[in-house]
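Participant:
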Amino acid sequence: MKPYLYAFGAVLCWASLPAATGSGLDGLDVTELLFFSFAPAALYLVAQEMIISRRRAIPWPDLKLTALGMAGIFGYHALYYLALDHAPLVEGAILTTTWSFWIVVMSSILANKRLSPPVLAVALVGLVGAGLVVSGGKGLHFEARYLPGYLMALGCGLVWSSFSVALSLLRLTRDYMPAFTVLAALFSSLLYAASAPQALPPVGALLSALYLGLVPLGLSFTLWNRAVTTGNMTLIGYLSYLTPPLAVLLAALTRGATVTPHAVIGMAIILAAAFVGRRLS
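Taking the numbering used here, the leading residue of the sequence shown gets 6, the next gets one more, and so forth.
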């Protein structure tokens with residue numbers, strides 16, 4: 006049961022971002038987002054690891070793990086921010102949520118040496134539910150001029166799902182998320198310095214980035230690592246479909262945002278898919 010509680014905790018961390026920050030991150034460009042979110046995330050995870058392990062150093066990965074971590078942690082978030090900067094918000098957000106679908110598909114193939122039609126069907130149903138929630142029932146319009154943004158959105162979904170499934174296969178006994186995040190923070194710092202910033206962003210944007218770094222990045226990384234290295238990845242993939250509807254519900258509770266009928270229907274579809282997926286697994 007613990008792995009799925011960890012996974013649900015990570016999902017809650019990600020879903021809390023709109024409720025906690027609103028539009029506070031809108032004024033930050035990609036390099037600012039990376040720097041001002043990864044810096045606090047790295048500090049938090051290093052401090053947490055030192056307190057838990059009672060050591061003055063964090064576990065450091067070898068070169069292969071370093072490459073995996075940089076691709077998963079830095080690569081995913083860079084692609085995610087770039088995608089939403091180069092594509093319409095709704096269409097881009099829907100394409101980025103495909104990582105849940107790919108986790109279900111990849112983990113099912115690895116576990117059973119094939120992808121059964123029922124698993125594929127349920128994974129697609131969950132994806133449809135997530136799409137309903139994100140779109141709010143509005144029509145989707147994919148325009149050719151936004152193709153680079155769409156490809157980046159799809160790419161980030163593939164990166165995060167591949168990274169998560171790879172961690173589940175490795176079953177690492179040590180938590181390398183602090184080291185991965187430190188490397189991401191260092192690389193983000195170089196990019197931020199190279200962009201020659203003229204002035205600090207507004208205080209509201211910095212506070213929003215701080216929350217992003219501490220919770221949807223820092224805390225979620227710890228929870229997600231514990232989930233994927235100890236749990237059934239297919240079930241975790243189904244659980245992760247809950248991120249969009251929970252984000253909508255939390256924003257409605259804290260900011261009075263409207264919950265559309267399509268969001269409710271989408272959440273019901275996701276819960277049904279998760280239940281059927283659990284039976285299939």
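All C-beta atoms in this analysis are idealised placements derived from N, C-alpha and C, irrespective of residue type, glycine included.
Please go through the same chain and pick out, in chain order, the residues whose beta-carbon is closer than 8 angstroms to the beta-carbon of Ala184, but skip the five residues on each side of it.
Facilitator: Ile63, Pro64, Trp65, Pro66, Thr71 and Gly74
Participant: How big is the Cα-Cα spacing for Trp104 and Val208?
Facilitator: Just so you know, the alpha carbons of Trp104 and Val208 end up roughly 32 angstroms apart.
Participant: Just checking my contact of Cys161 with Leu84 at CB under 8 angstroms: how many whole Å lie between their CB atoms?
Facilitator: Cys161 to Leu84, Cβ: 4 angstroms. Contact.
Participant: So, Tyr9 versus Gly223, is the Cβ gap smaller than 9 angstroms?
Facilitator: Not in contact: Tyr9 and Gly223 (Cβ atoms no closer than 9 angstroms).
Participant: Where Leu228 and Pro202 are concerned, what is the direct C-alpha to C-alpha distance, given to the nearest angstrom?
Facilitator: Their backbone Cα atoms lie some 33 angstroms apart in a straight line.
Participant: For Leu156, which of helix, strand or coil comes out of DSSP?
Facilitator: If DSSP states are grouped into helix, strand and coil, Leu156 belongs with the helices.
Participant: Have a look at Leu191, Ser169, Leu156 and Ala24 and flag the residue whose alpha-carbon is nearest the alpha-carbon of Leu87.
Facilitator: The candidate whose alpha carbon is nearest that of Leu87 is Leu156.
Participant: Which residue wins for smallest C-alpha separation from Gly27, given the options Ala273, Ala262, Val281 and Val269?
Facilitator: Ala262
Participant: Answer yes if the segment 40-50 comes into contact with the segment 212-220, meaning at least three C-beta pairs across the two stretches below 8 angstroms, and no otherwise.
Facilitator: yes
Participant: Under the assumption that Thr302 contacts Phe226 (Cβ atoms under 8 angstroms), give the Cβ distance between them as a whole number of angstroms.
Facilitator: As displayed, the chain neither begins before 6 nor continues past 286, which places residue 302 out of reach and without an answer.
Participant: By Cβ distance below 6 angstroms, which residues in the same chain neighbour Arg59 in space, the five residues on each side in sequence not counted?
Facilitator: none
Participant: Just to confirm before moving on: does the CB-CB distance between Ala158 and Gly77 stay below 9 angstroms?
Facilitator: no
Participant: Terminal residues of the continuous alpha helix (DSSP H) containing Tyr243?
Facilitator: Met238 to Ser245
Participant: Return the chain-ordered ranges of every alpha helix (DSSP H) run that is complete within the segment 24-91 and spans a minimum of 4 residues.
Facilitator: 35-58, 68-74 and 81-91
Participant: Whole angstroms are fine: how far does the CA of Ser112 sit from the CA of Lys2?
Facilitator: Outside the modelled stretch of the chain, which goes from 6 to 286, sits residue 2, for which no answer is possible.
Participant: Is Leu152 buried or exposed, if buried means 16 or more other CB atoms sit within 10 Å of its CB?
Facilitator: exposed
Participant: Taking the alpha carbon of Leu285 as the reference point, which residue from Val109, Leu205 and Ala20 has its own alpha carbon closest?
Facilitator: Val109
Participant: Determine the burial state of Met182: buried for a count of at least 16 other Cβ atoms within 10 Å of its Cβ, exposed for fewer.
Facilitator: buried
Participant: Taking C-alpha atoms, which residue in Leu251, Leu33, Leu219 and Pro93 lies nearest to Ala149?
Facilitator: Pro93
Participant: Thinking C-alpha only, which one of Leu276, Ala268, Ala279 and Arg119 is nearest Ser140?
Facilitator: Ser140 has its Cα closest to that of Ala268, out of Leu276, Ala268, Ala279 and Arg119.
Participant: Quick check on the burial criterion: 16 or more other C-beta atoms within 10 angstroms. Buried or exposed for Gly32?
Facilitator: exposed
Participant: Please check the pair Gly154 and His91, which I expect to be a contact at CB under 8 angstroms, by giving their CB distance rounded to whole angstroms.
Facilitator: 3 angstroms
Participant: I'd like the list of long-range same chain contacts for Ile99, defined as Cβ closer than 6 angstroms, with 5 residues on each side in sequence excluded.
Facilitator: Gly136 and Val139
Participant: Taking only the alpha-carbon atoms, compute the straight-line gap between Ala12 and Ile275 and give it to the nearest angstrom.
Facilitator: Ala12 and Ile275: Cα-Cα distance of roughly 16 angstroms.
Participant: Does DSSP classify Ala201 as helix, strand or coil?
Facilitator: coil
Participant: What residue ranges within the segment 157-232 form continuous alpha helix (DSSP H) runs of no fewer than 4 residues, ordered along the chain?
Facilitator: 182-199 and 208-217
Participant: With DSSP collapsed to three states, give me the class of Gly134.
Facilitator: helix
Participant: How many whole angstroms separate the CB atoms of Val16 and Ser245, which I take to be in contact at a CB cut-off of 8 angstroms?
Facilitator: Contact between Val16 and Ser245 is confirmed by a C-beta separation of about 6 angstroms, below the 8 angstroms threshold.
Participant: Helix, strand or coil for Gly14, going by three-state DSSP, please let me know.
Facilitator: helix
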